[in-house]
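Convert by adding 11 to the 1-based position in the sequence shown; the result is the number in the UniProt record's numbering.
All residues carry an ideal CB built from backbone N, CA and C; glycine is no exception.
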Amino acid sequence: DGEPLRCIGCGAMIQTTDKTAPGYTPQSALDKGIETNEVYCQRCFRLRNYNEITPVGLTDDDFLNLLTQIQDANALIVYVVDIFDFNGSVIPGLHRFVGDNPVLLVGNKEDLLPSSLKRSKLQDWLRQRANEAGLRPIDVTLLSAKTNQSVDSLLAKIDKYRGNRDVYVVGVTNVGKSTLINQIIRQNTGVRDLITTSRFPGTTLDKIELPLDDDHVLVDTPGIIQNAQMAHFLTGKDLKIVTPQKPIKPKVYQLNDQQTLFLGGVARFDYDKGPKSGFTAYFENNLYIHRTKLANADDFRQRQLGQLLTPPQPENVADFPALVAHTFKTTAKSDLVFEGLGWITVPAGVNVTGWAPEGVGVLLRRAMI
Ligand code: GDP
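Structure representation (structure tokens):
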């Protein structure tokens, strides 16, 4: 008594309140565990019983500690990003922590991009974005953890590059890291007795280790929680509406300047100045896009938010934050990115404004397509 209860699998402090935090255990499981003197957190329980890991997120301080551990390791770093949300996938400062360790960049959720998009071009594009973030990956792999597309070629590359090293899989939450690890577990026979436990000193979570052929391990690390994600402003149903599940069908709009596109009620695009041009929108196929005159836009949103313009649903309108404007002038063909939502490809030499809730990034990048 008085001693905090710890998971016997990973050592995390047991708690029953936050499902996404380390050490979460449903109360009923905890009661049973205390009876039998075997308390596992839900993550370790699933791992032991179903060979399945569940995602866990860390806050900034713990994540920094984790990165420091990686810095001191001799490891191949497998860095998983969401190609649909590259900017939201960036781990701040990762380049400083990888040290001399090689980085294998994995672009996940390939299944969401139109098949017409050349994969080699996309790979180059990803590599350039990584370079801008200060990383020089030794290789770039595109895959879909969900559909199991190219996971085998990732495993082959891991084998090729790891040499005599452990493998650390890193990524922010929501990029699909857990889905990927679960595919890897499924592809490896004899992983029943895998698992857990050396602690990352100073962090609230332990690493999950999958044994590789030799005496080395593949380490799953917790993701960092990105607080400004669109996901935090939307409830379950609304989040489903904006999160693509199938390949995105681009939609082209011929716009005159002084026209506006509403992206449901969650974001907005203004074409401020330039000649009549084509703009290509990449969003969840069912997200309602509404075109209107810029001069009427404020008024229109006021009247239609939660009605024609959903998400948000009518009952969530009151809690939905005001949109903040970000204005740009393009010098080349660019994507105006609404982080976590999608993007609009914009021609060179025009003035545009993107609107999103405060904290949700709106930025201009080199056009992907
Ligand atoms: P983690 O937080 O990085 O461990 O992410 P999860 O594995 O929990 O995945 C986050 C979300 O992305 C879930 O809704 C997954 O279904 C989805 N997801 C993961 N991998 C893919 C993928 O390859 N394609 C698509 N379309 N969705 C994916």
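Could you check the C-alpha separation between residue i and residue j for me, to the nearest Å?
i    : j    : result
W366 : A292 : 15 Å
A308 : A278 : 12 Å
E14  : I45  : 14 Å
E326 : G99  : 28 Å
I169 : I259 : 29 Å
Q160 : N48  : 42 Å
E63  : L105 : 27 Å
L69  : D93  : 18 Å
D283 : V361 : 8 Å
L375 : L316 : 26 Å
M379 : L133 : 7 Å
V328 : I88  : 42 Å
D224 : Y264 : 53 Å
Residue i by DSSP, collapsed to three states: which one?
i    : result
R377 : strand
P325 : helix
F65  : Reading off the sequence shown, one finds Thr at residue 65, where the question assumed Phe. Of the three classes helix, strand and coil, the one that applies to T65 here is coil, per DSSP.
L320 : strand
F97  : helix
Y264 : strand
V186 : coil
D231 : strand
R173 : helix
A167 : helix
D204 : The predicted model places D204 with a pLDDT of 47, which falls under 50 and marks its position as unreliable, so this point remains unresolved.
V109 : coil
V253 : helix
Quick one: is residue i buried, meaning 16 or more other Cβ sit within 10 Å of its Cβ, or exposed?
i    : result
R377 : exposed
I195 : buried
G118 : buried
I102 : buried
P255 : buried
A23  : buried
N185 : buried
Nearest CA to the CA of residue i: which residue from the options?
i    : options                  : result
D72  : D93, L250 and P233       : P233
V253 : N296, L221 and D224      : N296
F108 : I19, D122, G145 and D135 : G145
K30  : A84, E369 and P66        : P66
M241 : A167, T27 and P322       : P322
H243 : C21, A84, P368 and T47   : P368
K120 : P37, Y264, K157 and A167 : K157
R312 : F280, N112, T36 and K287 : F280
- Task: Output the residue ranges of the alpha helix (DSSP H) runs that lie fully inside the segment 120 to 161 and measure 4 residues or longer, sorted by chain position.
- Result: 130 to 143
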